[in-house]
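This report concerns only the one structure given below.
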Amino acid sequence: MKRKYQLKPIAACLLILPAAAMAQSGQVSTLSPVQVTPDTFTSKERAQATSDFVIEADAIRRSPATNLSELLIEQGFAVEATPTDHGENTLVLRGFHTEHLMTEVNGKLLILIDGRRSGVANIRQIALSNVERVEVLRGPDMFRYSMGSPGGVINVVTRKGGPERFGGSIRMGYGSFDTQRIGIDLHGKVDDFDYLVGYERGRVARDYKDGEGEKVHNTKTDGTERLNFNLGYTFGERHRISVDGYHYKVDAAHRPSYVDEEGEIRDANYTDRETQLFYLNYDGSSQDGHLSWNANIGQGKDVYETWSGNLYPKGQKVSTDRAQGSLSYTSSRFDLTGGVDYIKYDVENSSSARGAFLQKGGRDPEWAGKGFPMHPTSETTQWGAYMVGTLKLMEGALNLSGGLRYEYVRAKDKAVGDEHYDRVPYFSSRGITSRDQLPTKRSFSHVSPTLGVSYLPTEWLKLRANYTQGWRAPSGRQLFASSFYEDYGAPGDPRLSPEFTKAFEAGFDIAHEHWRLSATYFRYDVKDNIYIYPGVREDGTGAQGRVMMNVDKRIQEGFEVQASANVAPLLGYSSVELRPYFNVTHMTRKDEVVREGGPGMLGAWWPITRVPDTTMSYGVRFHHPASQFSGNLNFSYYGKQYGGRANVTDGPLVGFGRFTVANLSLRKRLWGSDVSNSLDVKLDINNLFDRQYSYLGKVPDDAYAYPGRSFYLSMIYNF
């Protein structure tokens, strides 16, 4: 066991004192002031009746994060993160999760790229090299995309082509555990044609060590690559046709494993993954700018396969077709937007309900030891239409917002007739003796409202409140899945009901020239929550195995606070930015009951699993223009949470969490003063104080430890 150093988080501030000291140089008086946050709300912010959270480009640039998962953790969001690319990185927002089972349609949150469904459930898949900002959308903004994400929608806004000249950047880096990455971005504009292309490839060639200095076996990744492009043509000054695409691929991301007494590595499997998106887009506006419209069609593919030397390969392929369009009118008195959207998910899986028969030595004469190949299992189709608007009164001091969204969902079981299709054993205890007793098609529809108000008694203070009804139909996979792998050991139930959520939030925002403060109270009452749960017998005694089921009631309640301030002007340094920040989400209640008023275990209220009671991010961002030196010191606190339940009679597993991880990022311009023809060096130090921790369970009883202190040094040439 290596020696541990107990350092106070405040001591880390010593690492950034040189930046503040530079502000005392004689050059400061000749510099232009650092750009600061506007001292009033923008017109968009004034009208918003929900909490507004945006991660701007500057914060992304100064972050050590390389993907969306790491960035959201740094900003104080809860993420069930894996340290490598082998598994899912599930975002938790106010108690709601992105999809745990690799399929976007099953999730309670949506991840958008440029306002369109990404098809991505694993937030680690989204790189940050060409991201302008990340937005959290709720209320009317959420209704533009889905009413099944009442906790919020994450929208990743990427850069477009331009400016006039040809430019770009090349970056190369090397770090701990033999981590290597290289990337290139190209952008420009020729007459009316603009373009942007980005590519990145990396690998982790050695297993990492945890905060105790112990090696975590089988944690390297053979290769990861990301490609994105956006090609556009503008005509008539106000019309643009474009194509854009996104490609993500992981080659053999190894899963953390253990070594037995004989020194053999056990559970040594790895994951291959590939995601592709392609869109054709059209955007236009009227000459006066009041009217605007857009339309797009696209296709996507997401493939996930896990390989092991001891078991059959298993995986999933999801193909999607999607389209959407909208028309908006804006004026000084009101804004109005209407739109339609469509998406279809076709799911294939490589295992079936008789998956145990397929292992080596299994009883299946044809497929034993080989694995059952990809075959269609379910189909889910969604149509939606919405109308949202804002009425601006008292010269914009009072804003009334609202809207309606209609959704129609159709799901189909495509595994009927498959020789390995057999769901009956899982339902025999509930009186189901034949497949013919279970439906193979389901359809659902619903209309939900959203209502909000924002009021500005002064130019620097905004009061707001919003009520939104959320609704989400069960997906084809949740209804009809028949394999162990399709749903992690829980078969689908064709009799599931849709979820219904009542969402309410209220809060205030303060905007000042040098500081911002926001606070929000929220409460969600969920009826018939669709969840993988240890089943309970009708008399409320004992477990009945894991099943996909409707949980009667679920309550998620808490508050959020965000604050930041540039304190440098208060110290007399107008040309330096020194900005402490603080973001916290605290759950005051997170409980659920399988059947309220039911006998025994059925009527007991349980803590919601996989939701930390508190997540908090705090730190300091700094920037010294004279020396072109900037950085970010960040502390991320992850509160207590409960793991999943192996047996409902055991109650929640032992809680874990309550740890803080510190990261430091420093960036320095080596030569060149303009954006082009310059060279930067960037140093990222993750887990600065070598903390032993895990987002998945208690170490070492329930989960493997995450990487200890690691370094990554990169060079960025801008041209």
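Throughout the sequence shown, residue numbering follows mature numbering (1 follows the signal peptide of the UniProt record, and there is no 0), covering -23 to -1, 1 to 696 in sequence.
The C-beta atom is built at its ideal place from N, Cα and C for all residues, glycine as well.
Within 10 angstroms of the Cβ of residue i, are there 16 or more other Cβ atoms? Answer buried if so, exposed if not.
| i | result |
| --- | --- |
| threonine 354 | buried |
| tyrosine 689 | buried |
| serine 422 | exposed |
| glycine 574 | exposed |
| glutamine 264 | exposed |
| asparagine 654 | exposed |
| leucine 548 | exposed |
| aspartate 505 | buried |
| aspartate 678 | exposed |
| arginine 232 | buried |
| methionine 119 | buried |
| aspartate 312 | buried |
| proline 684 | buried |
| glutamine 446 | buried |
| glycine 213 | exposed |
| aspartate 413 | exposed |
| lysine 659 | buried |
| lysine 21 | exposed |
Hey, how far is the Cα of residue i from the Cα of residue j?
| i | j | result |
| --- | --- | --- |
| tryptophan 448 | isoleucine 159 | 43 Å |
| glutamine 253 | glycine 96 | 9 Å |
| serine 613 | threonine 637 | 5 Å |
| glycine 453 | alanine 388 | 5 Å |
| lysine 166 | serine 40 | 29 Å |
| arginine 71 | glutamate 141 | 43 Å |
| alanine 680 | proline 434 | 51 Å |
| phenylalanine 206 | glycine 577 | 56 Å |
| tyrosine 363 | arginine 121 | 7 Å |
| glutamate 384 | proline 475 | 12 Å |
| proline 468 | arginine 136 | 42 Å |
| methionine 525 | threonine 314 | 37 Å |
| alanine 229 | aspartate 62 | 9 Å |
| serine 607 | isoleucine 320 | 43 Å |
| histidine 138 | glycine 150 | Note on identity: in this sequence residue 138 is glycine, with histidine being the wrong assignment. Each residue's Cα considered, the two are about 25 Å apart. |
| threonine 248 | phenylalanine 18 | 46 Å |
| glycine 200 | proline 546 | 46 Å |
| arginine 203 | tyrosine 176 | 6 Å |
| isoleucine 90 | isoleucine 161 | 20 Å |
| tryptophan 284 | serine 327 | 12 Å |
| serine 691 | glycine 128 | 36 Å |
| isoleucine 37 | leucine 105 | 8 Å |
Between which two residues does the alpha helix (DSSP H) carrying residue i extend?
| i | result |
| --- | --- |
| lysine 21 | 20 to 24 |
| arginine 121 | Counting along the chain, arginine 121 falls outside any alpha helix (DSSP H), and DSSP gives it neither H nor E. |
| phenylalanine 311 | First-last for phenylalanine 311: 311 to 326, but that is the beta strand (DSSP E), not the alpha helix (DSSP H). |
| isoleucine 662 | Segment 655 to 663 is the beta strand (DSSP E) holding isoleucine 662; no alpha helix (DSSP H) there. |
| tyrosine 455 | Position check: residue 455 holds glutamine in this sequence, whereas tyrosine was assumed. Glutamine 455 -> alpha helix (DSSP H) spans 453 to 457. |
| serine 46 | 45 to 51 |
If you follow the beta strand (DSSP E) that residue i is part of, which residue opens it and which one closes it?
| i | result |
| --- | --- |
| glutamate 57 | 55 to 57 |
| glycine 596 | 591 to 601 |
| aspartate 279 | 268 to 284 |
| arginine 441 | 438 to 449 |
| serine 422 | 418 to 435 |
| arginine 203 | 198 to 212 |
| isoleucine 90 | 87 to 90 |
Near residue i, which residues of its chain fall below 7 Å by C-beta distance, leaving aside the five closest residues on each side in sequence?
| i | result |
| --- | --- |
| threonine 307 | His267 |
| glycine 596 | Tyr558, Asn609, Leu610, Asn611 and Phe612 |
| lysine 438 | The sequence given here places leucine at residue 438; lysine does not occur at that position. Only Phe485 and Ile487 meet the Cβ criterion. |
| glycine 616 | Pro589, Asp590, Thr591, Thr592, Gly634 and Arg635 |
Under 6 Å Cβ to Cβ from residue i, same chain only, skipping five residues before and after it: list those, please.
| i | result |
| --- | --- |
| serine 46 | Val56, Ala58, Asn66, Ile100 and Arg101 |
| tyrosine 281 | Met79, Arg250, Gly292 and Gln293 |
| valine 181 | Phe154, Thr156, Lys197 and Thr198 |
| glycine 53 | Asn560, Thr592, Met593 and Ser594 |
| threonine 211 | Asp169 and Arg217 |
| proline 117 | Val365, Ser378, Gly380 and Thr427 |
| tyrosine 259 | Ile218 and Ala272 |
| threonine 75 | Thr67, Leu68, Gly84, Leu86 and Ala98 |
| leucine 494 | Ile487 and Ala540 |
### Task
Decide yes or no for the touch test of the segment 641 to 657 against the segment 17 to 37: beta carbon pairs closer than 8 Å, at least 3 of them.
no
### Query
With contact counted as at least three CB pairs below 8 Å, one residue from each stretch, are the segment 436 to 448 and the segment 481 to 496 in contact?
yes
### Query
Using 8 Å as the Cβ pair cut-off and three pairs as the minimum, do the segment 525 to 534 and the segment 556 to 571 touch?
yes
### Query
Within the chosen definition, does the segment 207 to 219 reach the segment 181 to 190 through at least 3 CB pairs nearer than 8 Å?
no
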